[in-house]
Amino acid sequence: MAEHDNEHLGTGTRLVGAGRRAAWTGTAEHPGAVVNPPVYRASTHLYPDMAALRAHPANVDGNFYYGRRGAPTQWALAEALTALEPSAEGTVLYPSGVAAIMGALLTVLRPGDVLLMTDNAYEPSRAMGRGLLKDFGVETRWFDPLDVAAFEAAICDRTKAVLLEAPGSLTMEVCDVPALAAAAKARGVTVVIDNTWASPLGFPALERGADITVMSLTKHVGGHSDAMMGSASAGPEWYRKLRLRAQGLGNVVSPDDAALMLRGLRTMGLRLAQETASVLAIAEWLERRSEVARVLCPMMPGSPGHDLWKRDFTGGCGLFSFVLKGGTSASRDGLIDALTLFGIGFSWGGFESLATPVDPAAIRTASAWPLPGMDGADKFGVRLSIGLEDTADLIADLDRALAVWSAAA
Ligand SMILES: *Cc1c(COP(=O)(O)O)cnc(C)c1O
Numbered sequence: 005m006a007e008h009d010n011e012h013l014g015t016g017t018r019l020v021g022a023g024r025r026a027a028w029t030g031t032a033e034h035p036g037a038v039v040n041p042p043v044y045r046a047s048t049h050l051y052p053d054m055a056a057l058r059a060h061p062a063n064v065d066g067n068f069y070y071g072r073r074g075a076p077t078q079w080a081l082a083e084a085l086t087a088l089e090p091s092a093e094g095t096v097l098y099p100s101g102v103a104a105i106m107g108a109l110l111t112v113l114r115p116g117d118v119l120l121m122t123d124n125a126y127e128p129s130r131a132m133g134r135g136l137l138k139d140f141g142v143e144t145r146w147f148d149p150l151d152v153a154a155f156e157a158a159i160c161d162r163t164k165a166v167l168l169e170a171p172g173s174l175t176m177e178v179c180d181v182p183a184l185a186a187a188a189k190a191r192g193v194t195v196v197i198d199n200t201w202a203s204p205l206g207f208p209a210l211e212r213g214a215d216i217t218v219m220s221l222t223k224h225v226g227g228h229s230d231a232m233m234g235s236a237s238a239g240p241e242w243y244r245k246l247r248l249r250a251q252g253l254g255n256v257v258s259p260d261d262a263a264l265m266l267r268g269l270r271t272m273g274l275r276l277a278q279e280t281a282s283v284l285a286i287a288e289w290l291e292r293r294s295e296v297a298r299v300l301c302p303m304m305p306g307s308p309g310h311d312l313w314k315r316d317f318t319g320g321c322g323l324f325s326f327v328l329k330g331g332t333s334a335s336r337d338g339l340i341d342a343l344t345l346f347g348i349g350f351s352w353g354g355f356e357s358l359a360t361p362v363d364p365a366a367i368r369t370a371s372a373w374p375l376p377g378m379d380g381a382d383k384f385g386v387r388l389s390i391g392l393e394d395t396a397d398l399i400a401d402l403d404r405a406l407a408v409w410s411a412a413a
């Protein structure tokens, strides 16, 4: 296959071709001989002679060098992710999404700096602010993702980075990324975004104002609930710095996991489209149910930030939440237990559906729960990750579980 500039190609075509350089999918005699890059289980790269070792450019992307700096299996994945991310110069791989977020923040922040973090951030990101970043002299302050003016007012001379998530974890509010990014940039603040929900297929984060975009590849890219990884993509300046910092931290991903991620990536577009269609049907059905107070799904009118989602996003996925009308924590747990087609588990983005409880009040510090406009009694939520099962079966399962919940309430 010829290597070419892929920017004019459609997403599906890029998902198929990205990262499949002929040099990585064959031998010198037979470049491009196989479809996928082989799994190079390599700590050690051998040089034919001393002249080759001396001539070897130490830190050039795409090369063998030493295992920690990657082999073609990992380079193919990094290159594929870069090809899918408009305006990216390169992508760094990390052993998990959490490692990617921390790797990005440790690239930008120094002792004495202030980090602004969206109040609906993924809880382990919040824990970084309370824990490791604090221990190393960085102060984290949280802000209401729906209040751009409050965010601007919160920027001080020591603010060096902001961590965004759109939509946020659990409660799914979509913030105004372009407006927040413009306000940050006007004050020299670097914008890091956790783009796991949308992926570049649904939200071209660098083109919307982010400096560094991070994903947990564990979710949509892997797509099969069998491997963990993270990535950070950026333009030329931040990409180089990210790479150096990741090397300094000793971040490395296994070639076997990189191959699983490449396999998942090829079908990601199909899976996201199917999940999105299924979510639209399920969310609409839930909105008509008397047991449900609120559906928190960026793709549905009435969900916080839906207009921004419509303006800025090009796609969705299978993850959303809903809030029950009254009830108790125990009756909500009973509803989740009554589901038979949804696993109970904290991940998402796999081919199988999952359900988890939503209790944001305990972790929020800068914004309200229940959300403004909601009844105070409506606070027990359920987050669903919709997989590839038939939509009608999932709705029937939810129907049964809501009946169990009603009987208990
Ligand atoms: C799961 C998740 C992460 C962390 O990813 P891991 O690969 O589990 O470390 C980061 N951000 C969001 C929004 C997530 O849902």
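Take the position in the sequence shown, starting the count at 1, then add 4; the result is the number in the numbering used here. Note that the Cβ used here is the ideal one computed from N, Cα and C, for glycine as well. Note that this is a predicted model, so its numbers are computed, not measured.
When you compare each of the options to residue i by their alpha carbons, which one comes out closest?
i: S47; options: R244, S258 and A370; result: S258
i: P182; options: G213, L174 and E169; result: G213
i: A27; options: E11, V20, W79 and G71; result: W79
i: P364; options: A59, L137, M176 and A187; result: M176
i: K245; options: A411, L109 and L81; result: L109
i: L312; options: R247, V178 and T77; result: V178
i: N199; options: A188, A186 and S235; result: S235
i: S294; options: R275, R267, G330 and G322; result: G330
i: L253; options: I105, E33, M54 and E279; result: I105
i: A154; options: F355, T122 and T95; result: T122
i: I340; options: K314, P308, S389 and C301; result: S389
i: T217; options: K314, R25 and A170; result: A170
i: S357; options: A158, E11, L402 and G116; result: L402
i: H49; options: V96, E33 and N67; result: N67
i: G226; options: A209, G239 and A262; result: A262
i: S129; options: W352, T77, I197 and V193; result: I197
i: E127; options: L150, V102, D151 and R114; result: V102
i: M151; options: T194, A334, E83 and P308; result: The displayed chain sequence assigns Asp, not Met, to residue 151. Checked all of T194, A334, E83 and P308; the closest Cα to D151 is P308.
i: V408; options: D337, I348, K383 and G354; result: D337
i: G141; options: A190, N10 and L113; result: L113
i: F355; options: R162, M272 and G94; result: M272
i: S203; options: T31, R298, L88 and F350; result: L88
By the DSSP assignment, the beta strand (DSSP E) with residue i in it spans what residues?
i: W146; result: E143 to F147
i: A297; result: V296 to L300
i: V327; result: L323 to L328
Opposite residue i in the DSSP bridges: which residues?
i: V196; result: L167 and I216
i: L120; result: R145 and V166
i: V112; result: According to DSSP, V112 bridges with nothing at all.
i: Y98; result: G234
List the endpoints of the continuous alpha helix (DSSP H) containing residue i.
i: G273; result: M272 to E291
i: F1; result: As displayed, the chain neither begins before 5 nor continues past 413, which places residue 1 out of reach and without an answer.
i: P182; result: V181 to A190
i: L312; result: H310 to D316
i: M132; result: E127 to R134
i: L205; result: S203 to G206
Could you tell me whether any non-hydrogen atom of ligand 3 is closer than 7 Å to the CB of residue i?
i: T222; result: Ligand 3 is absent from the structure shown, which contains only ligand 1.
Please give the ranges of any alpha helix (DSSP H) in the region 343-413, keeping only runs that are unbroken, at least 4 residues long and fully inside the region.
395-412
In chain order, each alpha helix (DSSP H) run of at least 4 residues that lies wholly inside the region 226-277:
240-252 and 259-270
Could you give the uninterrupted runs of the alpha helix (DSSP H) lying entirely in the region 5-79, keeping only those of 4 residues or more?
15-21 and 54-59
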